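Notes follow the structure.
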Amino acid sequence: METPDLPAIRALRPAWNKGRIVGQKRPLKPKHVWAIRVRLELAENHRDLALFNMAIDSKLRGCDFVKMKVVDVMASGQIKERASVLQSKTQKPVRFEISEGTRASVEK
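When the letters of the sequence shown are read in order and numbered with our numbering, they come out as residues 12 to 119.
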């Protein structure tokens, strides 16, 4: 008995995500955070170091972090010790402390 060529049956192709890392990524470990900080300091990349430190301190989602303004972290020319940002997903304010190291990197 012959099997007719059905249009629904196609040749097997490799999966689009084979060999790729997909899905949620694991959080950074402290040793990885310090390695990134050291590399940014050695490269004298002050802007990226300040943004990285602020992102680690705030623990905000990316969409909330990029909406932050200078006014949110500075008052009368000084970096605030604590900042508050309205979270877009929950519409609730999120308060976070800005560490001394982060304040130093933001001032540069």
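Cβ atoms here follow ideal geometry from the backbone N, Cα and C, with glycine treated the same way. As the structure is a prediction and not an experimental result, all values here were calculated from the model.
- Nearest to glutamine 98 by alpha-carbon distance, out of Trp45, Ala26, Asp75, is Asp75.
- If you compare the alpha carbons of Ile32, Met65, Lys100, Ala86 with that of valine 44, the shortest gap goes to Met65.
- In this structure, the straight-line span from the alpha carbon of leucine 62 to that of threonine 101 is close to 23 angstroms.
- Taking all protein chains shown into account, leucine 71 has 16 or more neighbouring C-beta atoms within 10 Å of its C-beta and is therefore buried.
- In terms of Cβ geometry, leucine 51 and leucine 60 form a close pair [threshold 8 angstroms].
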